[in-house]
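2 protein chains.
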Amino acid sequence: MKRDSDAFADCVHRAETLKGDFRVALVCPDAETARMASLAKERGVAEPIAFGTQNVAGIETRVVGSPEEAVEGAVELCLQGGADTIMKGLLNTHTFLKAIVKSPFKTGYITHCSVLAIPGFEKPVVVSDGTVTPFPNLAQKVEITRNAIRCAQLLGKNVVNVAVLSANELILPGIPSGNDAAILCKMAERGQIASAVIDGPMALDSAFSKEACEKKGLHFAFEPPADVLIAPDLESAAMFIKSMVHLAGAQVAGVLWGTRNPVVLTSRADSERAKYVSLCLCKLAVSRQ
Amino acid sequence: MKRDSDAFADCVHRAETLKGDFRVALVCPDAETARMASLAKERGVAEPIAFGTQNVAGIETRVVGSPEEAVEGAVELCLQGGADTIMKGLLNTHTFLKAIVKSPFKTGYITHCSVLAIPGFEKPVVVSDGTVTPFPNLAQKVEITRNAIRCAQLLGKNVVNVAVLSANELILPGIPSGNDAAILCKMAERGQIASAVIDGPMALDSAFSKEACEKKGLHFAFEPPADVLIAPDLESAAMFIKSMVHLAGAQVAGVLWGTRNPVVLTSRADSERAKYVSLCLCKLAVSRQ
């Protein structure tokens with residue numbers, strides 16, 4: 001496993017040196033997740049306990065009959081105080097989310113953040129939401145934005161620069177993401193969204209490139225690159241995240257918000273490193289709760 | 001008629017000293033409008049021609065059979081180049097607008113501005129729209145705002161401070177005027193609404209009073225009082241305008257936009273002075289076209 005040579009090095013280091021228990025219930029861990037969890041235990045990052053249909057070598061396991069029972073058991077353990085949070089293994093995201101959503105472990109609107117370390121950029125960028133809400137309305141975008149800001153703060157920034165993405169920098173009829181962007185900006189200005197400088201609507205190039213902004217002759221509320229990208233909807237977010245991971249060599253970590261403690265939620269296709277970084281981020285989040 | 005002692009003194013003076021023809025077709029003038037028009041002719045402000053069901057003493061009159069024919073005749077004269085614009089006399093606003101809206105004299109979305117000289121405030125304030133659109137949507141509010149800015153420029157300001165009114169300074173669910181305000185702000189920032197500094201959502205007190213802003217601990221994009229107030233809808237605009245005129249001793253002028261040249265549109269209840277000021281504003285507008 002590659003270490004300390006990417007944009008995640010700092011938060012991994014902070015999680016590894018952070019004192020205090022961090023107990024994680026692994027739901028249906030595959031071999032890679034189990035290996036990663038053993039490493040996390042060895043490095044003092046987390047204390048894992050597995051819920052799955054078969055025993056996991058080297059990790060205390062509660063054997064259950066189905067993935068549904070595994071996630072329900074993990075949620076129940078958290079609610080009883082036996083674990084701090086949950087990590088998704090080899091099961092469908094829908095099954096995983098269903099048990100969380102119907103339990104008191106859900107404390108707010110559920111949103112997901114992908115944290116990308118893109119080669120050539122020295123800081124990671126948080127992208128949301130590419131996992132939970134297909135077409136978020138304004139109220140949902142507010143929660144998406146607030147949680148993405150919390151996520152970016154784990155990466156070491158107190159006041160976070162947020163780009164609300166749209167097709168264009170202008171407000172155009174028929175492009176509601178531009179309207180949402182304008183409204184989110186004003187909410188940040190009025191203190192309704194804290195700890196952030198927000199600008200948008202913004203095309204992706206403006207969010208990343210100072211030169212693009214200069215060429216367009218536009219001045220934004222912060223200088224790119226942004227710390228957080230709020231996508232118009234799930235499909236555009238997922239498209240961007242996947243293109244970065246599969247075509248630009250980016251590493252991606254995943255954190256779910258709106259629960260008592262942030263949940264580790266990565267894609268099955270994500271690397272062992274991605275899963276380790278996600279676990280580290282959740283540990284940092286729990287230490288701030 | 002009271003002169004030169006109110007906030008309108010400057011624009012009246014500029015209209016009276018402005019060179020060049022300004023030919024106005026009066027539609028169904030009552031005695032007061034006719035008197036005001038004779039005065040305007042005497043002072044070199046305008047050259048009146050009347051359209052009505054009876055002859056108007058001292059003014060060239062085309063006698064027609066009905067108010068409908070009067071406004072149609074006036075519009076036709078403008079389209080033929082025989083007059084620059086139209087002024088509403090004693091007829092229903094609906095009848096007056098109907099003939100304009102269906103003619104090529106309409107060049108854009110029709111909006112109305114009330115210009116208030118409120119005792120105690122040294123500059124007039126433009127309020128829109130209290131006459132045309134009951135519940136303007138965002139696209140209509142953009143036109144309302146652009147025309148209100150043009151109107152405020154007649155009063156001598158190049159870059160106009162616009163307050164977009166709402167019930168609260170915050171973006172609140174169920175209050176769409178707050179959303180519209182945020183979007184208009186961003187459009188001004190992006191140059192989609194020119195010559196203006198826009199802030200909102202803003203309650204009325206913030207738009208007028210520096211002290212109110214300080215008490216609320218809010219910093220707006222400009223210092224009050226605003227030059228323009230964009231109301232959430234027609235009823236709230238009309239309520240405010242009427243309360244100022246009937247309860248606070250304000251003078252009000254009225255200008256209609258979205259036509260080849262701005263049209264003089266005052267309420268039948270408005271004073272002779274109000275009508276004279278409105279005519280002066282339209283003359284200034286025509287000289288800038």
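Residue numbers (full-length UniProt numbering), protein chains in the order written: chain A, 1 to 289; chain B, 1 to 289. Note that beta-carbon positions come from the ideal geometry of N, C-alpha and C, so glycine has one too.
Run down chain A in chain order and give the residues with a C-beta less than 9 Å from the C-beta of B:N147.
One-based indexing of the second sequence puts residue 147 of chain B at position 147. Those do not exist, as B:N147 stays about 18 Å from chain A at its closest Cβ, beyond 9 Å.
Please state if the CB of A:A15 and the CB of A:K210 are separated by a distance shorter than 9 Å.
Position 210 of the first sequence holds residue 210 of chain A. Position 15 of the first sequence holds residue 15 of chain A. Cβ distance not < 9 Å, so A:K210 and A:A15 don't count as in contact.
Are there three or more Cβ pairs, one per stretch, closer than 8 Å when the stretch 201-215 of chain B is compared with the stretch 171-188 of chain B?
yes
Integer Cβ distance of B:R190 from A:L39, believed to fall under 8 Å
For this step, residue 190 of chain B is matched to residue 190 along the second sequence. For this step, residue 39 of chain A is matched to residue 39 along the first sequence. The Cβ separation is near 49 Å, so there is no contact.
Measure the alpha-carbon distance for B:T99 versus B:Y109 and round it to whole angstroms.
Within the second sequence, residue 99 of chain B is the residue found at index 99, counting from 1. Within the second sequence, residue 109 of chain B is the residue found at index 109, counting from 1. Checking the displayed sequence, the identity of residue 99 of chain B turns out to be Ala instead of Thr. Roughly 15 Å between the two C-alpha positions.
Given 8 Å as the limit, is there contact between the stretch 43-50 of chain B and the stretch 268-285 of chain A, that is, 3 or more CB pairs closer than that?
no
Looking at the C-beta of B:P201, does it have a partner C-beta in chain A at a distance below 9 Å?
The residue given as residue 201 of chain B occupies position 201 in the second sequence. Yes, contact with chain A.
Classify A:D205 as buried or exposed, calling it buried when 16 or more other Cβ atoms lie within 10 Å of its own Cβ.
Numbered from its first residue, the first sequence carries residue 205 of chain A at position 205. It is exposed - the Cβ of A:D205 has fewer than 16 other Cβ atoms within 10 Å.
Determine the DSSP secondary structure at A:I175, reduced to helix, strand or coil.
Against the first sequence, residue 175 of chain A aligns to sequence position 175. Reduced to three states, the DSSP call for A:I175 is coil.
Would you identify the three-state DSSP class for B:L26, choosing helix, strand or coil?
Here residue 26 of chain B refers to the residue found at position 26 when the second sequence is read from its first residue. It is a strand residue.
Determine the chain A residues that contact B:I171 at a beta-carbon separation under 8 Å, and present them in chain order.
Looking up residue 171 of chain B in the second sequence gives position 171. Within chain A, the residues near B:I171 are I183, K186, M187, R190 and Q192.
Assign B:R273 to buried or exposed, taking buried as 16 or more other Cβ atoms, counted over all protein chains shown, within 10 Å of its Cβ.
Your numbering for residue 273 of chain B matches position 273 in the second sequence. So B:R273 counts as buried.
What residues match up with A:E47 in a beta bridge as DSSP calls it?
Counting from 1 along the first sequence, the entry for residue 47 of chain A is found at position 47. Partner(s): A:R23.
Can you tell which of A:A212, A:P232 and A:I230 has its C-alpha closest to the C-alpha of A:E223?
As a working note, residue 223 of chain A is residue 223 in the first sequence. Checking every option, the nearest Cα to that of A:E223 belongs to A:A212.
Does any CB atom of chain B fall closer than 9 Å to the CB of A:L247?
Start at 1 with the first residue of the first sequence, and residue 247 of chain A comes out as number 247. Chain B, which has no Cβ nearer than 9 Å to the Cβ of A:L247, makes this no.
On a CA-only basis, which of A:T266, A:L229 and A:V24 is nearest A:I144? Give me that one, please.
In the first sequence, counting from the first residue as 1, residue 144 of chain A sits at position 144. Checking every option, the nearest Cα to that of A:I144 belongs to A:L229.
Count Cβ pairs between the stretch 131-147 of chain B and the stretch 27-41 of chain B that sit closer than 8 Å; are there 3 or more?
no
Nearest-angstrom Cα distance between A:K41 and A:K106?
For the purposes of this step, residue 41 of chain A is taken as the residue at position 41 of the first sequence. For the purposes of this step, residue 106 of chain A is taken as the residue at position 106 of the first sequence. Taking the straight line from one Cα to the other gives about 26 Å.
Can the beta-carbon of residue 291 of chain A be found closer than 9 Å to that of A:P124?
This structure leaves residue 291 of chain A out entirely; chain A is present only between 1 and 289.
Step through the CB atoms of chain B and report whether any lies within less than 9 Å of the CB of A:N161.
Locating residue 161 of chain A in the first sequence gives position 161, where the first residue counts as 1. False, the Cβ-Cβ gap to chain B never drops below 9 Å.
Same chain only: Cβ atoms within 6 Å of A:E60, ignoring 5 sequence neighbours per side:
By 1-based counting over the first sequence, the position of residue 60 of chain A is 60. I49, listed in sequence order.
When the cut-off is 9 Å and only beta carbons count, does A:G178 lie next to chain B?
Here residue 178 of chain A is taken as the residue at index 178 of the first sequence, counted from 1. Yes - at least one Cβ of chain B is within 9 Å of the one on A:G178.
Where does A:K2 fall in DSSP's three states?
Residue 2 of chain A sits at position 2 when you count from the first residue of the first sequence. Here the model assigns A:K2 a pLDDT of 45, short of 50, so the residue's position is not dependable and the matter cannot be decided.
Where residue 290 of chain A falls: helix, strand or coil (DSSP)
Outside the shown range of chain A, which is 1 to 289, sits residue 290 of chain A, and nothing can be said about it.
Flag A:L229 as yes if its beta-carbon sits less than 9 Å from any beta-carbon of chain B, otherwise no.
For this step, residue 229 of chain A is matched to residue 229 along the first sequence. It does not; no Cβ of chain B falls within 9 Å.
Can you check DSSP and say which residues form a bridge with A:D199?
Your numbering for residue 199 of chain A matches position 199 in the first sequence. DSSP lists A:A163 as partners of A:D199.
How big is the Cα-Cα spacing for A:A34 and A:L91?
Taking the first residue of the first sequence as 1, we reach residue 34 of chain A at position 34. Taking the first residue of the first sequence as 1, we reach residue 91 of chain A at position 91. Their Cα atoms are separated by approximately 14 Å.
Provide the residue span of the beta strand (DSSP E) that contains B:V126, from first to last.
Here residue 126 of chain B is taken as the residue at index 126 of the second sequence, counted from 1. Element bounds for B:V126: V125 to S128.
Would you mind telling me which residues of chain B sit closer than 8 Å to A:A139, beta carbon to beta carbon, in chain order?
Counted from its first residue, the first sequence places residue 139 of chain A at position 139. Neighbours of A:A139 on chain B, chain order: P173.
Alpha carbon to alpha carbon, what distance is there between A:V45 and A:L18?
Within the first sequence, numbered from 1, the residue matching residue 18 of chain A stands at position 18. Within the first sequence, numbered from 1, the residue matching residue 45 of chain A stands at position 45. The alpha-carbon atoms of A:L18 and A:V45 are separated by roughly 8 Å.
Which complete alpha helix (DSSP H) runs does the stretch 76-127 of chain A hold, if anything under 4 residues is left out?
93-101
Contacting residues, own chain, Cβ-Cβ under 8 Å from B:C185 (five flanking each side not counted):
Here the question's residue 185 of chain B lines up with position 185 in the second sequence. Only V164, I198, D199, G200 and A221 meet the Cβ criterion.
Taking Cβ positions only, does A:C280 come closer than 9 Å to chain B?
Working through the first sequence from its first residue, we reach residue 280 of chain A at position 280. It does not: the Cβ of A:C280 has no partner Cβ on chain B nearer than 9 Å.
If you draw a straight line from the alpha carbon of B:S103 to that of B:T259, how long is it in whole angstroms?
Position 103 of the second sequence, counted from the start, is the residue given in the question as residue 103 of chain B. Position 259 of the second sequence, counted from the start, is the residue given in the question as residue 259 of chain B. One C-alpha to the other measures close to 10 Å.
Could you spell out where the alpha helix (DSSP H) holding A:T266 opens and where it closes?
If you number the first sequence from 1, residue 266 of chain A lands on position 266. A:T266 -> no alpha helix (DSSP H), and no H or E assigned at all.
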